[in-house]
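So the numbering used here is basically just the index in the first sequence, starting at one, shifted up by 333. Just so it is clear, CB atoms sit at the ideal spot from N, CA and C, and this is done for glycine as well. For clarity, every value in this text was computed on a predicted model and none was experimentally measured. Written below as structure tokens is the structure these notes are about.
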Amino acid sequence: MIDTKLLRENPRSFEIAAKNKDVVIDTSHILEIDQKCRDLALEVQSLREQRNKVSKAASNPNPTERAKAIEEGSNLKVELEQKEHSMVSLKEELDNLLLTIPNPAKSDVKVDKDESENEVLRTVGEPTKFSFTPKDHVELGEALDIIDVKKAAEVSGARFNYLKNEGALLEAALKDFAFEVLLKEGFIPVIPPVLIKHEVMDALGYTAMGEQDNIFDLEKDGLYLVGTSEQSIVPLHMNEVLQKEDLPRRYVGYSTCFRREAGSYGKDTKGILRVHQFNKVEMVSFVEEGKDDEEHEYLLSLEEKFFQMLEIPYQVLRICTGDLGFNAARKYDIEAWIPSQQRYREVTSTSTVTDFQSRRLNMRYQDGEQRKFLSVLNGTAFSMNRPIVAILENYQQQDGSVVIPEVLRPYMGKDKIEAK
RNA sequence: GGAGGUGUCGCCUAGCUGGUCCAUGGCGCAGCACUGGAAAUGCUGUGAGCUCACGCUCACGUGGGUUCGAAUCCCACCACCUCCGCCA
Numbered sequence: 334m335i336d337t338k339l340l341r342e343n344p345r346s347f348e349i350a351a352k353n354k355d356v357v358i359d360t361s362h363i364l365e366i367d368q369k370c371r372d373l374a375l376e377v378q379s380l381r382e383q384r385n386k387v388s389k390a391a392s393n394p395n396p397t398e399r400a401k402a403i404e405e406g407s408n409l410k411v412e413l414e415q416k417e418h419s420m421v422s423l424k425e426e427l428d429n430l431l432l433t434i435p436n437p438a439k440s441d442v443k444v445d446k447d448e449s450e451n452e453v454l455r456t457v458g459e460p461t462k463f464s465f466t467p468k469d470h471v472e473l474g475e476a477l478d479i480i481d482v483k484k485a486a487e488v489s490g491a492r493f494n495y496l497k498n499e500g501a502l503l504e505a506a507l508k509d510f511a512f513e514v515l516l517k518e519g520f521i522p523v524i525p526p527v528l529i530k531h532e533v534m535d536a537l538g539y540t541a542m543g544e545q546d547n548i549f550d551l552e553k554d555g556l557y558l559v560g561t562s563e564q565s566i567v568p569l570h571m572n573e574v575l576q577k578e579d580l581p582r583r584y585v586g587y588s589t590c591f592r593r594e595a596g597s598y599g600k601d602t603k604g605i606l607r608v609h610q611f612n613k614v615e616m617v618s619f620v621e622e623g624k625d626d627e628e629h630e631y632l633l634s635l636e637e638k639f640f641q642m643l644e645i646p647y648q649v650l651r652i653c654t655g656d657l658g659f660n661a662a663r664k665y666d667i668e669a670w671i672p673s674q675q676r677y678r679e680v681t682s683t684s685t686v687t688d689f690q691s692r693r694l695n696m697r698y699q700d701g702e703q704r705k706f707l708s709v710l711n712g713t714a715f716s717m718n719r720p721i722v723a724i725l726e727n728y729q730q731q732d733g734s735v736v737i738p739e740v741l742r743p744y745m746g747k748d749k750i751e752a753k
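As structure tokens, this is what we get:
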């Protein structure tokens, strides 16, 4: 949620920022409701003041005075209840309107319509060259008996997969590798819940802008399945006040994520690139106001480090406003080279949401006498399947075997995956 | 699932026979004083909103209710603790 003070000061800037994200908002209507709400609050306040005075007078031992005060109080009570009711419903209306306003993008983010306009900031490494025709990960995975999509379809339906043998080990190795690196950086390891309350998801802002279609909803229990790990890691500090000395506070989480993938019927139907369920190693940072830009570069540098250590060619994108999403003020993606598709595909994503989520989740920190909202950032270390796809395809050999990246060998206990 | 208990301003805590609570005290934090500087000590401040200010309102897990008046009584819900049952 945005700061209403800022909205009052400069409504136009929020309208433009929303338009850049392809969202239409009517700030004059919102501010009108806001004004009505404030006026009504003042009325209620003065009625309460009278009520308090009268009820104090009612403790007067004199029976006549007492009866008079009680009489007066009864009348006030009726009026007050009425005004309070309309105030509550108006406040609710205002809150719902405020929740439709997206987090404005930062000034360095390109204003443009959709993902085709994202900026490539840099390309690292050269697309892998082969002296033979490279296979895709599905063919490799089946031949090596490490990926089984067909059986998963029988058991669970489309867009599920089994990882078996070295496939399963590869995921575990990536997780262990990321944890080892990030623990050295001072991150706090956490295994979060994967079901969260509706109200928490709403407060996080992931149900705005039609994104709820992508979320598995356990209606019976009032719970959502998380679509990404930070949805349950960020609220780790909801309704808390941290101390400034505790910042930055960084977490590395590992959890399963679930996505309905509604509306992506035609996309990536083959293989394990886009599935309903996957595991993810995620980084989440809580930092001081104004330090989020610096932290954003740090998280991106860690993501790049992982792919450099794996020696997989990649490019870094800065996402333009039209592709940014409701919460993010800036987002960088890393795309790894996928030989079978002859193009780069998204493997990580890091965003700063500034204080947009802190405001609703009530996450603050004490800075001397002041209490400020935390800035929150998230970034993918490894969102499983995708780095596995990248490894299999980039490290494949002519005979159909796959060499394991050097940094992962200690975790795998072998240096090559071969057909049995 | 059954029985009982608890939930107070960053942390701990008093209050819980309804009106002197416009919520106590300690710790922590901030400012000031003392000091050559620091420690220690003392004083002041330290939940949120409105206000230039005086001040006013709201806040005692959440939401309702009773009442002229609720932290205090009633109901529902949530969370935590203890015990029983069931189960990885």
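- DSSP places Leu632 within a helical segment (H, G or I) once states are collapsed to three.
- As computed with DSSP, Asp481 is found in a beta bridge with Tyr495.
- For Ile721, same chain residues with a beta-carbon under 6 Å away, outside a window of 5 residues either side, are Leu503 in chain order.
- The C-beta of Val421 has fewer than 16 other C-beta atoms within 10 Å across all chains shown, which makes the residue exposed.
- The bridge partners DSSP lists for Pro522 are Val585.
- The alpha-carbon of Glu472 is positioned some 49 Å away from that of Phe706.
- The continuous beta strand (DSSP E) containing Thr685 extends over residues Arg676 to Thr685.
- By the Cβ criterion, the segment 645-654 is in contact with the segment 433-445, since at least three pairs of Cβ atoms, one from each stretch, lie closer than 8 Å.
- Secondary structure at Gly655: helix, using DSSP grouped into helix, strand and coil.
- Residue state for Asn727 is assigned as helix, using DSSP reduced to three classes.
- Sequence-distant Cβ neighbours of Lys577 in its own chain, meaning closer than 7 Å and more than five residues away, are Glu621, Tyr698, Gln699 and Asp700.
- One thing to note: Asp367 has its Cβ within 7 Å of the Cβ of Leu427.
- Comparing alpha carbon positions, the residue from Ala486, Thr713 and Val709 closest to Met616 is Thr713.
- Counted as a single uninterrupted DSSP element, the alpha helix (DSSP H) harbouring Phe689 occupies residues Phe689 to Leu694.
- Here Leu632 is near Leu710, since their CB atoms are less than 7 Å apart.
- In its chain, beyond the 5 residues on either side, no residue has a beta carbon closer than 6 Å to the beta carbon of Gly658.
- Contact check between the segment 387-394 and the segment 468-482: fewer than three CB pairs, one atom from each, fall below 8 Å, which does not count as touching.
- By DSSP's assignment, Leu558 forms a beta bridge with Leu528.
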